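Remarks on the structure that follows.
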Amino acid sequence: MELISGNEAIARGAWEAGAAIGVAYPGTPSTETMEAFSKLPDVYAEWCPNEKVAVEVGLGASAAGRRVLSTMKHVGVNVAADPLFTAAYTGVGGGMVVLAADDPGMHSSQNEQDSHYYAAAAHIPMLDPADSAEALAFTREAFELSERFDVPVFIRSTVRVSHTKCPVELGERASVDRKPYEKDQSKWVMMPLYAKGRRLSLDERIERVRAFAESSPLNRIEEGSSGIGVICLGATYQHVREALPEASILKLGISWPLPPKLLETFANSVEKVYVVEEASTYLSDQVKAAGIALEAPVGEIPPYGELTPGVIAQAFGAEAASCHEVPDGIPPRPPALCPGCPHRLVFRELARMKAIVTGDIGCYTLGAMAPLSAIDTCVDMGASISMAHGFELGLEGVDHKPVVAVIGDSTFAHSGITSLLNTVYNCGVGTVCILDNRTTAMTGHQGNPVNGITLQHRPSRELDLPALVRALGVDDVRTVDPMDMKETRRALKEAVASDCLSVIVFQSPCVLLTKDRAAAYEVRSDCRACGTCSLLGCPAISCDPETKTASIDASLCVGCSQCAQACPYGCIEQTGGSHE
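Numbering (my numbering) for the sequence shown: 196 to 775.
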């Protein structure tokens, strides 16, 4: 028995099921799954440039007869949807399981979506574990179901399942032979001639899954009071069990396709039937479609965010639990770029220029936070470059501020290359800043094609970003150290003044990657209280609310010199002391 997270349990379940290959793009809350899988014996694992590529690599390995695990967060399922929908048609060779890690409450995401809808739309069975123990068991079962019914299988988790640790009984690794590959165009070549037949085959396969769901132990009825019956799944089951201990519960482990006869049996066993789910109406809509009349709780279950036992109990008439109110006067603690972050001066200069900045997904999105307040838009991976091109088109003929796209190195490899290619192809203009901090920082410093570091540290090669950008057709390409304020300012000023498309690669390692710390800086007593240093938004810098003079917390300062470069009066200098 070991205490492990849901992510670790999914990785372990895949390994115990005999999965030999793992493919993923890192994204919270799914990231640790592939990291854990990569450390298990006798497996191959890799970070792919994006989720679409990961599924395609996985499908190829499955066709070749190996069991494959592919992991991603919910918005990654959007990226992978193209091959996933067709993979349901082709089916599998070796079992293929795809983790879709949802993020209700948007702890680390730009939107809140329910991956159940993808399961229904793509006709891919989905299993919903409620804790780490089920995450392991369901993942093992998912590989068996994938091969039994010749279809990929989703494992869906949420942030609570992914990151909560529970005691789990670990098992042995199954001995699974590689399935021999045999050429079969009717199965693997999805041109209309064959796809029409596989579409009919998919319906037949899913009907067999639905029949299996009627009696599968993955779905179970927990008998309680006959007055209240609750249908739920995943982490919500744990909250319902705590909030309504007397209720009868239909816990669905197979969340698509649903078993209509089991739903009817449960509904007939209780006086009133409720569905409790978080941030979605997927389950209630599906249950209603099966002909089950649902009751509404006396109180509201929020249609967004995570649920808690307290919220559920109140929705069913219980009084709110007493709690301490947050005292007045506690200052807010918004997220901020780290002290010494190489992105800071870029955003400071863009804010000074009053540029229209189209941002992207990464920790550099924090450039939108005050006092930098430099980012105008942030939508999805790779959108910065595409939207900048759109801004230039929309503002053509109008005297406007410079338009600058900002994108990270991993995100550029994920989705930015085709966006830049589109801009070049269509003779676009403007400025693109690639913030190359030598890692995928936002999700925990994973490798990517730009830094050339693979998941299992196999020999590889580092992508030459400037050479790639030139190969795409960009003539004005330069590499700049973003820790140098004057060079950063000069490069941006020249780029936005140009009539052509300019790309600046700002290259400097993430401060948390190197962990380099020089002697701290301090503000001299002759500080002019101009406030310029505070506009950097560095957590180590603060200002006296009365005198407005600045001070630097030596315990936070990493000695990056950004504040000294920014101070117009030379009032900030290095102490010469040590952090040790």
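For each residue, glycine too, the CB sits at the ideal point set by N, CA and C.
On a predicted model such as this, the values are computed, not experimentally measured, just so you know.
Below 8 Å between beta carbons: does that hold for residue i and residue j?
i: Val574; j: Phe586; result: no
i: Pro387; j: Val346; result: no
i: Val664; j: Val624; result: no
i: Leu478; j: Phe461; result: no
i: Ala249; j: Tyr220; result: yes
i: Leu279; j: Ala337; result: no
i: Thr553; j: Ala484; result: no
i: Val700; j: Ile602; result: no
i: Ala713; j: Gly754; result: yes
i: Ala328; j: Val356; result: no
i: Ile423; j: Lys374; result: no
i: Gly201; j: Gly271; result: no
i: Ser310; j: Pro224; result: no
On the CB-based measure, 16 or more other CB atoms within 10 Å of its CB, does residue i come out buried or exposed?
i: Pro763; result: exposed
i: Cys427; result: buried
i: Gln651; result: exposed
i: Ile767; result: buried
i: Gly668; result: exposed
i: Ile525; result: exposed
i: Arg393; result: buried
i: Tyr432; result: buried
i: Pro313; result: The question names Pro, yet the displayed sequence has Tyr at residue 313. Buried is the call here.
i: Ser341; result: buried
i: Tyr469; result: buried
i: Pro677; result: buried
i: Ser773; result: The predicted model places Ser773 with a pLDDT of 49, which falls under 50 and marks its position as unreliable, so this point remains unresolved.
i: Leu365; result: exposed
i: Ser498; result: Looking at the sequence provided, one finds Pro at residue 498 rather than Ser. Classification of Pro498: exposed, given that the 10 Å Cβ count is below 16.
i: Pro537; result: buried
i: Gln380; result: exposed
i: Arg528; result: exposed
i: Gly589; result: exposed
i: Ser450; result: buried
So, helix, strand or coil for residue i, using DSSP?
i: Thr709; result: helix
i: Gly603; result: strand
i: Pro661; result: helix
i: Lys467; result: strand
i: Leu294; result: strand
i: Ile556; result: coil
i: Thr618; result: helix
i: Gln702; result: strand
i: Phe232; result: helix
i: Ser697; result: strand
i: Ala488; result: coil
i: Ser773; result: Legend: pLDDT at Ser773 = 49, less than 50; position of this residue unreliable, value from coordinates given subsequently. Looking at Ser773 - three-state DSSP - the assignment turns out to be coil, as it is neither helix nor strand.
i: Leu567; result: coil
i: Arg673; result: strand
i: Ile767; result: strand
i: Gln757; result: helix
i: Val250; result: helix
Looking at the unbroken alpha helix (DSSP H) that takes in residue i, where does it start and where does it end?
i: Asp398; result: Pro387 to Ser410
i: Phe344; result: Ser327 to Phe344
i: Arg547; result: Arg539 to Met548
i: Val506; result: Pro504 to Ala510
i: Glu211; result: Gly201 to Glu211
i: Ser381; result: Gln380 to Trp383
Along the beta strand (DSSP E) that carries residue i, what are the first and last residues, could you check?
i: Ala276; result: Counting along the chain, Ala276 falls outside any beta strand (DSSP E), though it belongs to the alpha helix (DSSP H) covering His269 to Thr285.
i: Ile444; result: Ala442 to Leu447
i: Asp631; result: Gly625 to Asp631
i: Leu588; result: Here Leu588 belongs to no beta strand (DSSP E); instead the alpha helix (DSSP H) covers Ala578 to Gly589.
i: Cys427; result: Ser420 to Leu428
i: Cys361; result: Lys360 to Val363
i: Arg351; result: Val348 to Thr353
i: Arg685; result: Unbroken run through Arg685 is the alpha helix (DSSP H), Met680 to Ala692; no beta strand (DSSP E).
i: Glu241; result: Tyr239 to Trp242
i: Gly217; result: Ile216 to Ala219
i: Ser304; result: No beta strand (DSSP E) contains Ser304, which DSSP labels as neither H nor E.
i: Ala316; result: First-last for Ala316: His311 to Ala317, but that is the alpha helix (DSSP H), not the beta strand (DSSP E).
Does chain D have any CB closer than 8 Å to the CB of residue i?
i: Asp297; result: The question asks about chain D, but that chain is absent: this structure has only one protein chain.
| Inter-stretch contact at 8 Å, needing at least 3 Cβ pairs: the region 408-416 / the region 279-299 | By the Cβ rule, the region 408-416 does not count as touching the region 279-299, because fewer than three pairs are nearer than 8 Å.
| Between the region 231-248 and the region 196-215, are three or more C-beta pairs nearer than 8 Å? | Taking a cut-off of 8 Å on C-beta distances, the region 231-248 touches the region 196-215, as three or more cross pairs fall below it.
| field | Given 8 Å, three or more beta-carbon pairs between the region 424-440 and the region 497-514 | value | When C-beta atoms of the region 424-440 are compared with those of the region 497-514, three or more pairs fall below 8 Å, so the two segments count as touching.
| query | Taking three-plus beta-carbon pairs below 8 Å as touching, is the region 745-757 in contact with the region 716-731? | reply | Contact between the region 745-757 and the region 716-731 is present, with at least three C-beta pairs closer than 8 Å.
| field | Cβ contact (3+ pairs, closer than 8 Å) linking the region 257-269 and the region 210-218 | value | Cβ pair count under 8 Å is three or more, so yes.
| message | Under 8 Å, with one C-beta from each stretch per pair, do the region 682-695 and the region 535-545 reach the 3-pair mark? | response | The answer is yes - the region 535-545 touches the region 682-695, with three or more Cβ pairs under 8 Å.
| Inter-stretch contact at 8 Å, needing at least 3 Cβ pairs: the region 694-714 / the region 732-740 | Three or more beta-carbon pairs separated by less than 8 Å are not found between the region 694-714 and the region 732-740, which leaves the two stretches without contact.
| request: Indicate whether the contact test is met: 3 or more Cβ pairs, each with one atom in the region 559-574 and one in the region 611-618, closer than 8 Å. | output: No: the two stretches stay apart, fewer than three of their Cβ pairs being nearer than 8 Å.
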